[in-house]
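Trainee: Can you keep this structure in mind? I'll have questions shortly.
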Amino acid sequence: MHERPETASGTTRLAAAFAAAVAGLLFATTAGAGPLPETREGWSIHPAPHDWQQLGERLGGAIERSPLNELSRASATRGAQSLGVTIAGNLVVHAFAPQFAVRMLEASIAAGYEAPLRFYVTENADGTATLSYALPSHLFAAYEDGGEALDALAAELDDIMAQIAAEAVAP
């Protein structure tokens with residue numbers, strides 16, 4: 067039988083050191099990070115007059131009124147808060163719908179990796195926010211096995227995401 071050399075105090079020190087390292091990485095990463103670029107190949111980037119939380123709420127409403135379904139949300143900002151670290155507002159919203167999943171998978175099983183689609187909300191230095199997303203046509207372009215069917219779906223999803231973004235960022 068192998069005994070663990072760690073004691074309760076050793077485990078506690080290890081956990082504290084790990085938490086400090088993670089917090090340090092989060093702070094170092096965001097402290098040195100600049101704003102999103104104004105352009106990024108294959109992305110659509112939309113500055114908004116809203117703060118990041120308002121934009122997240124508006125995005126949820128716009129998705130609800132679209133053919134897509136909101137599937138989940140993840141916020142590094144909320145995660146950092148649980149560590150006692152403050153970082154700029156950050157939210158990823160996942161969206162897709164069964165009717166698109168069926169068409170995508172009929173065209174290319176491999177393209178299923180790209181679902182769900184993601185919207186990215188980031189806080190700007192002036193308190194406003196930006197909504198960004200990778201274009202489905204850019205994501206699906208790598209899957210040549212999908213042919214015209216996947217290209218058509220990607221174009222349709224590009225339009226849907228553009229409509230969602232326009233509604234979410236509108237004044």
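To convert a position in the sequence shown, counted from 1, into our numbering, add 66.
We treat Cβ as the ideally placed atom computed from N, Cα and C, and that holds for glycine.
1. Cα-Cα, which of Ala-228, Glu-189, Gly-178 and Arg-131 is closest to Leu-205?
2. Between Ile-226, Ala-195 and Leu-216, which lies nearest to Glu-123 when the distance is taken from Cα to Cα?
3. Count the other CB atoms, across all protein chains shown, that sit within 10 Å of the CB of Thr-105; report buried if there are 16 or more and exposed otherwise.
4. Which term fits Glu-214, buried or exposed, when burial requires 16 or more other beta carbons within 10 angstroms of its beta carbon?
5. Suppose the cutoff is 6 Å on Cβ atoms and the five residues either side in sequence are ignored; what does the same chain contact list for Pro-237 look like?
6. Only counting the same chain, and skipping five residues up and downstream in sequence, which positions put a Cβ closer than 6 Å to that of Gly-90?
7. DSSP state of Glu-210, grouped into three classes?
8. Among Asp-217, Ala-142, Gly-212 and Tyr-186, which has the Cα closest to the Cα of Leu-121?
9. On the DSSP letters alone, give me the boundaries of the beta strand (DSSP E) that Glu-189 sits inside.
10. Given this structure, state the Cα-to-Cα distance separating Glu-130 from Ile-230, to the nearest angstrom.
11. Taking the straight line between their C-alpha atoms, what separation do you get for Pro-164 and Val-151?
12. Going by Cα to Cα distance, which pick from Ala-154, Arg-139, Pro-202 and Ala-234 is closest to Ala-221?
13. Any idea if Arg-184 is buried or exposed, counting beta-carbon neighbours within 10 angstroms, 16 or more meaning buried?
14. Sort Arg-169, Ala-154 and Ala-207 by Cα distance to Asp-192 and report the nearest one.
15. For Leu-197 and Pro-133, I'd like the C-alpha separation in whole angstroms.
Mentor: Result, derived from the coordinates:
1. Gly-178
2. Ala-195
3. exposed
4. exposed
5. Pro-115
6. Low per-residue confidence applies at Gly-90: pLDDT is 43, beneath 50, and the placement is therefore not dependable, though the value from the model is reported in the following sentence. Taken in chain order, the list of residues that qualify is empty.
7. helix
8. Tyr-186
9. 183–189
10. 9 Å
11. 38 Å
12. Pro-202
13. buried
14. Ala-154
15. 19 Å
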